[in-house]
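Residue numbers (the working numbering), protein chains in the order written: chain A, 1 to 197; chain B, 1 to 197; chain C, 1 to 197; chain D, 1 to 197; chain E, 1 to 197; chain F, 1 to 197.
To keep things clear, I will list the structure first and then write my remarks on it.
There are 6 protein chains.
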Amino acid sequence: MSTTRYPFPGLQDLPEDIRTKILEVQDKAGFVPNVFLAFARRPAEWRAFFAYHDALMVPESVGRKSGLTKGEREMIVTTTSAANGCLYCVVAHGAILRIYEKKPLLADQVAVNHRKADISPRQRAMLDFALKVCNASDQIEDADFEALHAHGLNDEDIWDIAAITAFFGLSNRMASFSGMMPNPEFYLMGRIPKPKA
Amino acid sequence: MSTTRYPFPGLQDLPEDIRTKILEVQDKAGFVPNVFLAFARRPAEWRAFFAYHDALMVPESVGRKSGLTKGEREMIVTTTSAANGCLYCVVAHGAILRIYEKKPLLADQVAVNHRKADISPRQRAMLDFALKVCNASDQIEDADFEALHAHGLNDEDIWDIAAITAFFGLSNRMASFSGMMPNPEFYLMGRIPKPKA
Amino acid sequence: MSTTRYPFPGLQDLPEDIRTKILEVQDKAGFVPNVFLAFARRPAEWRAFFAYHDALMVPESVGRKSGLTKGEREMIVTTTSAANGCLYCVVAHGAILRIYEKKPLLADQVAVNHRKADISPRQRAMLDFALKVCNASDQIEDADFEALHAHGLNDEDIWDIAAITAFFGLSNRMASFSGMMPNPEFYLMGRIPKPKA
Amino acid sequence: MSTTRYPFPGLQDLPEDIRTKILEVQDKAGFVPNVFLAFARRPAEWRAFFAYHDALMVPESVGRKSGLTKGEREMIVTTTSAANGCLYCVVAHGAILRIYEKKPLLADQVAVNHRKADISPRQRAMLDFALKVCNASDQIEDADFEALHAHGLNDEDIWDIAAITAFFGLSNRMASFSGMMPNPEFYLMGRIPKPKA
Amino acid sequence: MSTTRYPFPGLQDLPEDIRTKILEVQDKAGFVPNVFLAFARRPAEWRAFFAYHDALMVPESVGRKSGLTKGEREMIVTTTSAANGCLYCVVAHGAILRIYEKKPLLADQVAVNHRKADISPRQRAMLDFALKVCNASDQIEDADFEALHAHGLNDEDIWDIAAITAFFGLSNRMASFSGMMPNPEFYLMGRIPKPKA
Amino acid sequence: MSTTRYPFPGLQDLPEDIRTKILEVQDKAGFVPNVFLAFARRPAEWRAFFAYHDALMVPESVGRKSGLTKGEREMIVTTTSAANGCLYCVVAHGAILRIYEKKPLLADQVAVNHRKADISPRQRAMLDFALKVCNASDQIEDADFEALHAHGLNDEDIWDIAAITAFFGLSNRMASFSGMMPNPEFYLMGRIPKPKA
Numbered sequence: 001m002s003t004t005r006y007p008f009p010g011l012q013d014l015p016e017d018i019r020t021k022i023l024e025v026q027d028k029a030g031f032v033p034n035v036f037l038a039f040a041r042r043p044a045e046w047r048a049f050f051a052y053h054d055a056l057m058v059p060e061s062v063g064r065k066s067g068l069t070k071g072e073r074e075m076i077v078t079t080t081s082a083a084n085g086c087l088y089c090v091v092a093h094g095a096i097l098r099i100y101e102k103k104p105l106l107a108d109q110v111a112v113n114h115r116k117a118d119i120s121p122r123q124r125a126m127l128d129f130a131l132k133v134c135n136a137s138d139q140i141e142d143a144d145f146e147a148l149h150a151h152g153l154n155d156e157d158i159w160d161i162a163a164i165t166a167f168f169g170l171s172n173r174m175a176s177f178s179g180m181m182p183n184p185e186f187y188l189m190g191r192i193p194k195p196k197a
Numbered sequence: 001m002s003t004t005r006y007p008f009p010g011l012q013d014l015p016e017d018i019r020t021k022i023l024e025v026q027d028k029a030g031f032v033p034n035v036f037l038a039f040a041r042r043p044a045e046w047r048a049f050f051a052y053h054d055a056l057m058v059p060e061s062v063g064r065k066s067g068l069t070k071g072e073r074e075m076i077v078t079t080t081s082a083a084n085g086c087l088y089c090v091v092a093h094g095a096i097l098r099i100y101e102k103k104p105l106l107a108d109q110v111a112v113n114h115r116k117a118d119i120s121p122r123q124r125a126m127l128d129f130a131l132k133v134c135n136a137s138d139q140i141e142d143a144d145f146e147a148l149h150a151h152g153l154n155d156e157d158i159w160d161i162a163a164i165t166a167f168f169g170l171s172n173r174m175a176s177f178s179g180m181m182p183n184p185e186f187y188l189m190g191r192i193p194k195p196k197a
Numbered sequence: 001m002s003t004t005r006y007p008f009p010g011l012q013d014l015p016e017d018i019r020t021k022i023l024e025v026q027d028k029a030g031f032v033p034n035v036f037l038a039f040a041r042r043p044a045e046w047r048a049f050f051a052y053h054d055a056l057m058v059p060e061s062v063g064r065k066s067g068l069t070k071g072e073r074e075m076i077v078t079t080t081s082a083a084n085g086c087l088y089c090v091v092a093h094g095a096i097l098r099i100y101e102k103k104p105l106l107a108d109q110v111a112v113n114h115r116k117a118d119i120s121p122r123q124r125a126m127l128d129f130a131l132k133v134c135n136a137s138d139q140i141e142d143a144d145f146e147a148l149h150a151h152g153l154n155d156e157d158i159w160d161i162a163a164i165t166a167f168f169g170l171s172n173r174m175a176s177f178s179g180m181m182p183n184p185e186f187y188l189m190g191r192i193p194k195p196k197a
Numbered sequence: 001m002s003t004t005r006y007p008f009p010g011l012q013d014l015p016e017d018i019r020t021k022i023l024e025v026q027d028k029a030g031f032v033p034n035v036f037l038a039f040a041r042r043p044a045e046w047r048a049f050f051a052y053h054d055a056l057m058v059p060e061s062v063g064r065k066s067g068l069t070k071g072e073r074e075m076i077v078t079t080t081s082a083a084n085g086c087l088y089c090v091v092a093h094g095a096i097l098r099i100y101e102k103k104p105l106l107a108d109q110v111a112v113n114h115r116k117a118d119i120s121p122r123q124r125a126m127l128d129f130a131l132k133v134c135n136a137s138d139q140i141e142d143a144d145f146e147a148l149h150a151h152g153l154n155d156e157d158i159w160d161i162a163a164i165t166a167f168f169g170l171s172n173r174m175a176s177f178s179g180m181m182p183n184p185e186f187y188l189m190g191r192i193p194k195p196k197a
Numbered sequence: 001m002s003t004t005r006y007p008f009p010g011l012q013d014l015p016e017d018i019r020t021k022i023l024e025v026q027d028k029a030g031f032v033p034n035v036f037l038a039f040a041r042r043p044a045e046w047r048a049f050f051a052y053h054d055a056l057m058v059p060e061s062v063g064r065k066s067g068l069t070k071g072e073r074e075m076i077v078t079t080t081s082a083a084n085g086c087l088y089c090v091v092a093h094g095a096i097l098r099i100y101e102k103k104p105l106l107a108d109q110v111a112v113n114h115r116k117a118d119i120s121p122r123q124r125a126m127l128d129f130a131l132k133v134c135n136a137s138d139q140i141e142d143a144d145f146e147a148l149h150a151h152g153l154n155d156e157d158i159w160d161i162a163a164i165t166a167f168f169g170l171s172n173r174m175a176s177f178s179g180m181m182p183n184p185e186f187y188l189m190g191r192i193p194k195p196k197a
Numbered sequence: 001m002s003t004t005r006y007p008f009p010g011l012q013d014l015p016e017d018i019r020t021k022i023l024e025v026q027d028k029a030g031f032v033p034n035v036f037l038a039f040a041r042r043p044a045e046w047r048a049f050f051a052y053h054d055a056l057m058v059p060e061s062v063g064r065k066s067g068l069t070k071g072e073r074e075m076i077v078t079t080t081s082a083a084n085g086c087l088y089c090v091v092a093h094g095a096i097l098r099i100y101e102k103k104p105l106l107a108d109q110v111a112v113n114h115r116k117a118d119i120s121p122r123q124r125a126m127l128d129f130a131l132k133v134c135n136a137s138d139q140i141e142d143a144d145f146e147a148l149h150a151h152g153l154n155d156e157d158i159w160d161i162a163a164i165t166a167f168f169g170l171s172n173r174m175a176s177f178s179g180m181m182p183n184p185e186f187y188l189m190g191r192i193p194k195p196k197a
């Protein structure tokens, strides 16, 4: 079994801003996703990574509105992370995708074969483009943009699709090379209805 | 969304032996896995398919003992079906894998990247070999056999690994081309403890 | 030189039904094609394999009529077996293809490059589809079906093409991994006119 | 000819911190590398991108010492960017590589075929690893780490190689998809001795 | 069916030296292999092509002795031409291979899967190297040379293997792009014993 | 660092015709490109190689007019040599391309990604075709010819594109396997205006 090749730092050894953010996440999610600890050994990289993450995945946090829904962003992450064979991102973002889209089956579908997934034609076009950015970005041509325009996606939306794919391509490579494993909590999240209070 | 390209026959229109087997499966599983209905439109192929399936996956049913455990057989199916991008088999056999191994996280692990899965070195070697049979069977050499012998697997075990991979390569192609979708029930099976009676 | 990794059982050690069938084949062909002996070491798999084979390749034997000719079925086998690098199936089924089509050059053509073969546009479309089922079944789309419909092939014909490809994908993997070599008799069959009686 | 698909913002329209940084770069380099303008249309992404860049490529700026030389870092960028077919990064970072290493031929060598480049065995091992992170990060194994350890590289150095590769994989995808072209000035930089003052 | 895209010139329209050579070949073989006519439309290229061919394949004609046998040279041609999907060269040189080696089964074996062919370990090593020159010449390393040295092949032999592979890579591309079809006579050559006079 | 695996012969040991030609080249270029020495160890191959080269690249020398410009021919060489990872040809022919086209940036562009290069649509189509001949000549179809006809290229031009690609595919394999390194002079040629007399 693979385990992380780089031990996690202790929370108490982290810079204040990072520790605070991690404790917030823990408070909200009930656990600390491993990526927060795995990257914290290099605080400057941690800060840049999460700033980039938030700029793309939480556009409101930087005063931007995205033409993609929250679920569509996670769909892109899950699909391209599977193409990159990244266990951490498929499991963690598959969980978030299930929750955002309220579709417990969707993450497994896009991870194995997005052509079989229960998604709209517009979403299918988004994922086709994302996979081309993931696998053959040097071959992107005007025709690829036109295929997305035909579904009502504009150039800002296309930037979003490409940038999310590119950013998680970075994340996938970091997670895979370093042996970062998904927290067990992610595997089941969003698969069953939350118990009512 | 993809749906099956070939309508399922009605149970009442099936030959007696096939209907009986399907009702037995329904009785045991609580639902009829789609593969039983999808293939039933061609009874002769249905009978051969399930006879082959049972000969490999339920060796006791043909008076044979296999050196692989039930869980190992399903591990091979799930891993190679993911390599073939077969949604039906990854979801259905991933479910059975979770149940047999009593490891709710394992199926997702081997489907995304078997190198990161919580398995033994012997199982890792089995899956490496299975993937070579799946992707490059023409390049199998003596060294591939020796790598398995080193883990205590004998030539009958190797036949099992190869034959299971080859058989589900058939199954993967049939499911993918025909648009066979996994039953929703499979997605959650084996992820949470069964409620006690 | 490669030789079989699994010794053939003696005819006298085989179950009655298998021995009978093998003797029939020998009677008709003048020799026993190695696949009959190679798989006989596992009788249940042997029976399922040949039942499946006959259901697809001898549809009359199961009361079905196929829209593909006998030659077209062998064309699919030869082409996809070459794509899988399976010596046994290319040589054995290439022989049968030559005989059925009465075209002594055809098998070598489709094995090396089906785009250069002396076949009809309909057959070219069949082989293009078969190769996609062989190499990228997860990417089969509606457009692939439409391309075949345009040549007058219906969904039953398409099932035949896909199933034959899938079944021989199994056969290719079994032959290659186990070191099954083609009988020398196959290489020359159908290349020269039979001497008249 | 390809041109950028996203018009550059005017300097006067940029946030103060970004404009200041860009003017500093212009002052130092004599021109503004297009990446600074291309990404500035999204200030939050710009800030995260360059923060990440500096954390990896100018480790001193974040109080870290790297076991890789400046030239080695650029070697990794140039080699993996060529593997990704990214014109901008090959040309821009090839220029910087020539300057840092004072080897006017090196960038062309690693871009076309790093196996033919005038580099040390340690650097060859670094580039082999970087290309594996670039092309097959899901297949990184302990043996890949050991190959680098054998050249005296430790796990922090390996993190550097992987992270630089992953970060520029992001950069490559962004540049390629958006049609970002290298500034003409880069092509000749470092190829001829600077004229003395 | 594919046919040549470039009509053959008439013998009477060819330069004297080319016509003479072609008539000699016809006299010896009983027919004119299509490559002689297909390339004759460009006499300068024809002369260079056959000069190169003879320098490599008939080394005695240029006063050189090769460490490879005639059969080994044709083995290399047949194997790499199959890898390039070149129908003309597989069929034509497969014929010559059968004749030189007096092994009627060999050409089909190396064309489909050289790993299964009835050849010596030294020949297997030669073909492995030839396929690497064919498919990934940029990755040839010292270890590839050493593997051949271990079988007693020296650097001149290795030059022969590489040059033959490279030359027929040219030939394969010319034949495939131009639609050059093998003469029907080749298919059967060397498969049956010559009738005695 | 890679160096040539085959020592160059001394000029004084070469046959008269080869020595003369080499001295002419040296006189004109100011140095002897390594390919002239590397291949001279086998005079018959040297003569055929350069005869073929001139027939394709200097068509006037054999009384032929080509529809491609000198620059277009070098564009094809540089692009396909990069696809083959051949350092010698990318650097040497990139130099000649810069000189012929008087575009100092062009060679780097086509070597890294011809889709981003400053070329005409006709040239883009030529390079697309050349890359298909380079990478998948067995898949060339009528549609590939039609795409070139649409740009006013006729079948003789297409023969030129294919033959240049095929010939340099040979050259690339010879250079890469034998460790032939580009002369340092090539790297800078055509990048800066020639000093006026």
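Glycine is no exception: its CB is placed at the ideal position from the N, C-alpha and C atoms.
Straight-line measurement puts the Cα of H114 (chain A) at about 7 Å from the Cα of R124 (chain A).
Taking a cut-off of 8 Å for Cβ pairs, the segment 57-71 of chain F and the segment 82-95 of chain D do not touch, as fewer than three such pairs fall below it. A straight-line Cα-Cα distance of about 35 Å links K132 (chain F) and G67 (chain E). Relative to the Cα of T69 (chain C), the nearest Cα in the group C:K102, C:F49 and C:T3 belongs to C:K102. When the Cα atoms are used, R41 (chain A) and L148 (chain C) turn out to be separated by approximately 57 Å. Counting along the chain, the unbroken alpha helix (DSSP H) around K70 (chain E) starts and ends at K70 to A83.
If you compare the alpha carbons of B:Q12, B:P182, B:A150 and B:R73 with that of A130 (chain B), the shortest gap goes to B:R73. Closer than 8 Å to the CB of G169 (chain E) there is not a single CB belonging to chain C. Less than 8 Å divides the Cβ of V91 (chain C) from the Cβ of F186 (chain C).
Counting only runs of 4 or more residues that sit fully inside the segment 146-177 of chain E, no alpha helix (DSSP H) segment turns up. The alpha carbon of L106 (chain F) has as its nearest neighbour, out of F:C89, F:T79 and F:Y88, the alpha carbon of F:T79.
K28 (chain E) and H151 (chain B) have their alpha carbons spaced roughly 59 Å apart. Taken in chain order, the complete alpha helix (DSSP H) segments of 4 residues or longer contained in the segment 17-71 of chain A are 34-38 and 43-57.
A check of alpha carbon separations from S171 (chain F) across F:A38, F:Q109, F:E16 and F:P184 identifies F:A38 as the nearest. The closest CA to that of S120 (chain A), considering only A:G71, A:A162 and A:G94, is found on A:G71. Any Cβ of chain E closer than 8 Å to the Cβ of N135 (chain F) would place that residue at the interface, and such an atom is absent. Apart from sequence neighbours up to five positions away, the residues of its chain that approach D160 (chain D) with a beta-carbon distance below 6 Å are S66 and L68, ordered along the chain. Counted as a single uninterrupted DSSP element, the alpha helix (DSSP H) harbouring N113 (chain A) occupies residues L106 to N113. Note that the segment 160-169 of chain F does not touch the segment 3-15 of chain F; fewer than 3 beta-carbon pairs, one per stretch, sit closer than 8 Å. Secondary structure of L97 (chain C) (DSSP, three-state): helix. Cβ atoms of Y52 (chain C) and Y52 (chain B) come within 8 Å of each other, at about 6 Å.
In this chain, the alpha helix (DSSP H) harbouring C134 (chain D) covers P121 to A136.
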